[in-house]
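Chemist: Going by the working numbering, the letters in the sequence shown line up with residues 169 to 789, in that order.
Glycine included, C-beta positions come from ideal geometry on N, C-alpha and C.
Note that the coordinates shown come from a computational prediction; the quantities given were computed from them, not determined experimentally.
This is the structure I want to talk about, given as structure tokens.
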Amino acid sequence: MSERSAALLPNEGTDFAAALAAPPVNNLRRIGGEMFAWSDRDPQRSQSLPRGAVLRHLLRRYAGPGRTVLVAGPHSEEVVTALADTGASVSWLLRSLIDAEDAARGNSRITVLAGAAVKLDAAEKFDLVVAADGVDRLNSAEGEQMTAAQLIDRLAEAVQPDGVLLLMHDNRLGVHHTVRLEPGAKERLDSDWYNTDDENDTQRPASQEQLAARLAQSGLTVAASYAAFPEPAAPTVLVGEGLLGEVASPLRPRLGTALSQAFAGAFRGRPVLSDPRRLVNRALRAGAEGTVAPAWLVIARGPGEAPAVDRHQLLIGDARGSFAYEVTSADSQVRTTVLEPLEGPIEREGLRRISEPQAPGADVGYVLEERLEHLAATSNLRQMRIELAQYDTWLRAQAQDGLLSGPAAVAGLADVFVTESGPALLPTNWEPIEPVALETAEIRAVWSFAVQLITSGQPHPWPITSNAVDLTATILGMVGLGIDADSVRAAVELHVRLETAEFGLSLSDQHDRRLQLLAVSPGSAAVDVAGFRELTEALWRQRYEASHLLAMMDWTEQIIKSRDLQVSKMDWEVQFYKKTWAGRFLWISRCAYRVIMRDGRKFLRGRRARKAAEAQANAVR
169 MSERSAALLP NEGTDFAAAL AAPPVNNLRR IGGEMFAWSD RDPQRSQSLP
219 RGAVLRHLLR RYAGPGRTVL VAGPHSEEVV TALADTGASV SWLLRSLIDA
269 EDAARGNSRI TVLAGAAVKL DAAEKFDLVV AADGVDRLNS AEGEQMTAAQ
319 LIDRLAEAVQ PDGVLLLMHD NRLGVHHTVR LEPGAKERLD SDWYNTDDEN
369 DTQRPASQEQ LAARLAQSGL TVAASYAAFP EPAAPTVLVG EGLLGEVASP
419 LRPRLGTALS QAFAGAFRGR PVLSDPRRLV NRALRAGAEG TVAPAWLVIA
469 RGPGEAPAVD RHQLLIGDAR GSFAYEVTSA DSQVRTTVLE PLEGPIEREG
519 LRRISEPQAP GADVGYVLEE RLEHLAATSN LRQMRIELAQ YDTWLRAQAQ
569 DGLLSGPAAV AGLADVFVTE SGPALLPTNW EPIEPVALET AEIRAVWSFA
619 VQLITSGQPH PWPITSNAVD LTATILGMVG LGIDADSVRA AVELHVRLET
669 AEFGLSLSDQ HDRRLQLLAV SPGSAAVDVA GFRELTEALW RQRYEASHLL
719 AMMDWTEQII KSRDLQVSKM DWEVQFYKKT WAGRFLWISR CAYRVIMRDG
769 RKFLRGRRAR KAAEAQANAV R
């Protein structure tokens, strides 16, 4: 933060001398309505800034030498720098004077406009207008308050007739709002300083169709539209029109896996009402993912000869970094195409980032983990054994001398796509630098599935299994494999290495994570997303198991008492028969009665047999 910015912050005190002594910034223009003691860049008091590889890829398509760009609202430095690197003339609108001064000093190639969107010069037009942060942080407390619809109209007015508008619009019905568990967020976040009534704002676009209609009223035509996941500020999965809502599309299995990984990474360790992956999975089955999408990303063109707009079915990229690729389906083939390569090789914890993800060419099949979950819920052990045997055979076919290399070594069952030709891998992120033992890789995949079964509360045929290790041994036993404590620890260690490479865990985090994973047992909460619903289910499961044990103890005690009573009664009878003449007489009488009844039954059976034989002989004569 610059000296002048620090001088204006209330927490630091107001030092007017320092503010006046600071050198002027030549690339800063104050257009009016700027906020002085304010910042939208504090991560503790403001929302996250837009970033991500897919955003950078889309923006670079419409920026270049000789083109003018307006970035409206706070964005991350990487987004603005990527636009400036294309050779375009970039202007950056910020309502905070502190943020504007810092941005101007740190980016000499960019013209920074300090003020509110309402103060923009109506006569100034741009070839590309970028509002990846939406419109919620374009108003200023120092001027007129515009509604969301008016702000959208104002951005549309700034687009050249042959220009393009890229707008990210937050969905108030999105899954990120539905599962949010942040008490006091309105008071904690400075970005919510203005109390807007979103529930009754009839002008604010509340759906993807309403947003397109609003842009059409402003004179723009939506050329491409995407549902953005998992968060508006860091979209890593964009679902295009060719895939959105199409439940019969062959890309649906890839989409489900990509969304599951995206939400697991975005909401990792964050308290939420419920695991968002459950809601998204149900929406995918209903073709309603566009309804619950956290945001909609639209690319709208002006009425003139605007540049061609690319349309993608499925875009996937890193939240931090430059890697982005698309997955397409055409002519019964599914393939991946890298759009933005890695800036350089990435190696962490003995793992290497995959730069060329591959998708199986077949367009018909199912994800192995989903299939096994269904079979476990229906207790179809025969078919489950067949699926596991097929997976085991496929995995062993890729090993050499008991060692497994490539992405299959760290792929889970959710990364395996079963086609008519057999299992194949879905696009994965990491592969080991050195080969991994086949046993370790297979145990790690099945162990992850066992953890998923236990912590998700899903039904399965082994509800009394004590922990994830025992359940792993049971599942692997279905294909004739055994495990021991050392092999399980090696598998968990491989899993921790994978999470460390993906999320950058510290040494203490790795230690805590290792202990948490080894302690998974019935009643354990989810180990990745801290959902309140899942925690409640885990507590209920613990109470259920405890009540079940108490009931079993009570039943066992009753059985013991009953058996003890019967034994005491029999002992009394034995003593009675042994020690008294009456008892001895009764015992002899009982024995005689049993002998007479036995011999009588034998005599009757023999007599019936003789009569039957005589009758048969007479019939023959």
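Applying the criterion that 16 or more other CB atoms from any shown protein chain within 10 Å of the CB defines a buried residue, is residue 575 buried or exposed?
Modeler: What you label residue 575 is simply residue 407 of the sequence shown in a count that begins at 1. Per the 10 Å Cβ criterion, buried.
Chemist: Can you tell me where the beta strand (DSSP E) with residue 501 in it begins and where it stops?
Modeler: Counted from its first residue, the sequence shown places residue 501 at position 333. That run of the beta strand (DSSP E) goes 501-508.
Chemist: Taking the alpha-carbon positions, what's the residue 826 to residue 520 distance?
Modeler: Lying outside 169 to 789, the shown extent of the chain, residue 826 is not represented and no answer is given.
Chemist: Going by the DSSP bridge assignment, what does residue 699 pair with across the sheet?
Modeler: If you number the sequence shown from 1, residue 699 lands on position 531. 440.
Chemist: In this structure, how does DSSP classify residue 204 when only helix, strand and coil are distinguished?
Modeler: Stepping through the sequence shown from its first residue, residue 204 is reached at position 36. It is coil, neither helix nor strand.
Chemist: Could you check if residue 779 is buried or exposed, using at least 16 other CB atoms within 10 Å of its CB as the buried criterion?
Modeler: As a first step, residue 779 must be located in the sequence shown, where it is residue number 611. Its Cβ having fewer than 16 others within 10 Å, residue 779 is exposed.
Chemist: Counting C-beta neighbours from all protein chains within 10 Å, is the total for residue 206 16 or more, i.e. buried, or is it exposed?
Modeler: Here residue 206 is taken as the residue at index 38 of the sequence shown, counted from 1. The residue in question, residue 206, is buried, as its Cβ has 16 or more Cβ neighbours within 10 Å.
Chemist: Please classify residue 615: is it buried, with 16 or more other beta-carbons within 10 angstroms of its beta-carbon, or exposed?
Modeler: Translated into the one-based positions of the sequence shown, residue 615 becomes position 447. Answer is buried; the Cβ neighbour count reaches 16.
Chemist: For the beta strand (DSSP E) that contains residue 333, what are its first and last residues?
Modeler: Mapped onto the sequence shown, residue 333 falls at position 165. Its beta strand (DSSP E) spans residues 327-338.
Chemist: Using a Cβ-Cβ cut-off of 7 Å (strictly less than) and excluding sequence neighbours within five positions of residue 784, which residues of its own chain qualify?
Modeler: Locating residue 784 in the sequence shown gives position 616, where the first residue counts as 1. So the list is empty, once near-sequence residues are dropped.
Chemist: Inspect the beta-carbon positions of residue 508 and residue 224 and report whether they are closer than 8 Å.
Modeler: Along the sequence shown, one-based indexing puts residue 508 at 340. Along the sequence shown, one-based indexing puts residue 224 at 56. Yes, the pair counts as a contact, with Cβ atoms nearer than the cut-off.
Chemist: Give me the DSSP bridge partner(s) of residue 279.
Modeler: On the sequence shown, position 111 is the one that residue 279 refers to. Bridge partners of residue 279: 259.
Chemist: Hey, how far is the Cα of residue 591 from the Cα of residue 677?
Modeler: Along the sequence shown, read from residue 1 onward, the residue named residue 591 stands at position 423. Along the sequence shown, read from residue 1 onward, the residue named residue 677 stands at position 509. Between residue 591 and residue 677, the C-alpha separation is close to 34 Å.
Chemist: Give the single residue among 194, 214 and 314 whose Cα lies nearest to the Cα of residue 274.
Modeler: Taking the sequence shown and counting its residues from 1, one reaches residue 274 at position 106. Among 194, 214 and 314, the Cα nearest to that of residue 274 belongs to 194.
Chemist: Go ahead and pull the three-state DSSP assignment for residue 793.
Modeler: This structure gives no information on residue 793, because the portion of the chain shown stretches from 169 to 789.
Chemist: Can you tell me the Cβ-Cβ gap for residue 282 and residue 198, rounded? I've got them flagged as a contact below 8 Å.
Modeler: Sequence index remark: in the sequence shown, residue 282 carries index 114 (1-based). Sequence index remark: in the sequence shown, residue 198 carries index 30 (1-based). Correct: roughly 5 Å between the Cβ atoms.
Chemist: Less than 8 Å separating the beta-carbons of residue 458 and residue 330?
Modeler: Numbered from its first residue, the sequence shown carries residue 458 at position 290. Numbered from its first residue, the sequence shown carries residue 330 at position 162. Contact flag unset, no.
Chemist: Between the alpha carbons of residue 296 and residue 456, how many angstroms are there, rounded?
Modeler: Counted from its first residue, the sequence shown places residue 296 at position 128. Counted from its first residue, the sequence shown places residue 456 at position 288. Those two C-alpha atoms are separated by around 31 Å.
Chemist: Would you mind working out which of 607, 664, 674 and 622 sits nearest residue 644, comparing C-alpha positions?
Modeler: Mapped onto the sequence shown, residue 644 falls at position 476. Closest by alpha carbon: 607.
Chemist: Rounded to whole angstroms, how far is the Cβ of residue 235 from the Cβ of residue 268, which I believe are closer than 8 Å?
Modeler: Taking the first residue of the sequence shown as position 1, residue 235 is located at position 67. Taking the first residue of the sequence shown as position 1, residue 268 is located at position 100. Residue 235 to residue 268, Cβ: 23 Å. No contact.
Chemist: Please state whether DSSP places residue 485 in a helix, a strand or coil.
Modeler: Translated into the one-based positions of the sequence shown, residue 485 becomes position 317. Correct three-state label for residue 485: strand.
Chemist: Under 6 Å Cβ to Cβ from residue 451, same chain only, skipping five residues before and after it: list those, please.
Modeler: Looking up residue 451 in the sequence shown gives position 283. Within the same chain, residue 451 has close Cβ partners 457 and 460.
Chemist: Assess contact between the segment 477-497 and the segment 383-399, defined as three or more Cβ pairs (one per stretch) separated by less than 8 Å. Is contact present?
Modeler: Touching, per the Cβ criterion.
Chemist: Round the Cβ separation of residue 419 and residue 535 to the nearest angstrom and send it over; I've been treating them as touching at under 8 Å.
Modeler: Residue 419 sits at position 251 when you count from the first residue of the sequence shown. Residue 535 sits at position 367 when you count from the first residue of the sequence shown. Going by Cβ atoms, the distance from residue 419 to residue 535 rounds to 12 Å, so no, they are not a contact pair.
Chemist: With a threshold of 8 Å on Cβ separation, who are the neighbours of residue 797 within its own chain once the five nearest residues in sequence on each side are excluded?
Modeler: This structure gives no information on residue 797, because the portion of the chain shown stretches from 169 to 789.
Chemist: For the beta strand (DSSP E) containing residue 521, name the first residue and the last one.
Modeler: Here residue 521 refers to the residue found at position 353 when the sequence shown is read from its first residue. Segment 519-521, the beta strand (DSSP E) holding residue 521.
Chemist: Note down the Cα distance separating residue 713 from residue 641, rounded to an integer number of angstroms.
Modeler: Within the sequence shown, numbered from 1, the residue matching residue 713 stands at position 545. Within the sequence shown, numbered from 1, the residue matching residue 641 stands at position 473. The straight-line gap from Cα to Cα measures roughly 21 Å.
Chemist: Tell me the DSSP bridge mates of residue 600?
Modeler: Indexing the sequence shown from 1 puts residue 600 at position 432. Note: residue 600 sits in a beta bridge opposite 519.
Chemist: From 566, 241, 656 and 221, pick the residue whose C-alpha is nearest to that of residue 208; which is it?
Modeler: Here residue 208 is taken as the residue at index 40 of the sequence shown, counted from 1. Ranking 566, 241, 656 and 221 by Cα distance to residue 208 puts 241 first.
Chemist: Does the beta-carbon of residue 716 have 16 or more other beta-carbons within 10 angstroms, so that it is buried, or is it exposed?
Modeler: Counting from 1 along the sequence shown, the entry for residue 716 is found at position 548. Exposed, by the Cβ-count rule.
Chemist: Write down the C-beta distance between residue 544 and residue 621 rounded to the nearest angstrom, noting that I regard them as a contact closer than 8 Å.
Modeler: Against the sequence shown, residue 544 aligns to sequence position 376. Against the sequence shown, residue 621 aligns to sequence position 453. With 8 Å as the limit, residue 544 and residue 621 qualify as a contact, their Cβ atoms being about 6 Å apart.
Chemist: In the DSSP assignment, the alpha helix (DSSP H) including residue 407 goes from what residue to what residue?
Modeler: Looking up residue 407 in the sequence shown gives position 239. Counting along the chain, residue 407 falls outside any alpha helix (DSSP H), though it belongs to the beta strand (DSSP E) covering 405-407.
Chemist: Identify whether residue 761 lies in helix, strand or coil by the three-state DSSP scheme.
Modeler: In the sequence shown, the residue the question calls residue 761 occupies position 593. Reduced to three states, the DSSP call for residue 761 is helix.
Chemist: Helix, strand or coil, according to DSSP, for residue 494 in the structure here?
Modeler: The count along the sequence shown starts at 1 and reaches residue 494 at position 326. Reduced to three states, the DSSP call for residue 494 is strand.
Chemist: Which runs of the alpha helix (DSSP H) at least 4 residues long sit entirely within the segment 657-682? Give them in chain order.
Modeler: Taking only runs of at least 4 residues, no alpha helix (DSSP H) segment lies wholly in the segment 657-682.
Chemist: Can you say whether residue 738 is buried or exposed, counting buried as having 16 or more other CB atoms within 10 angstroms of its CB?
Modeler: Within the sequence shown, residue 738 is the residue found at index 570, counting from 1. Residue 738 comes out exposed.
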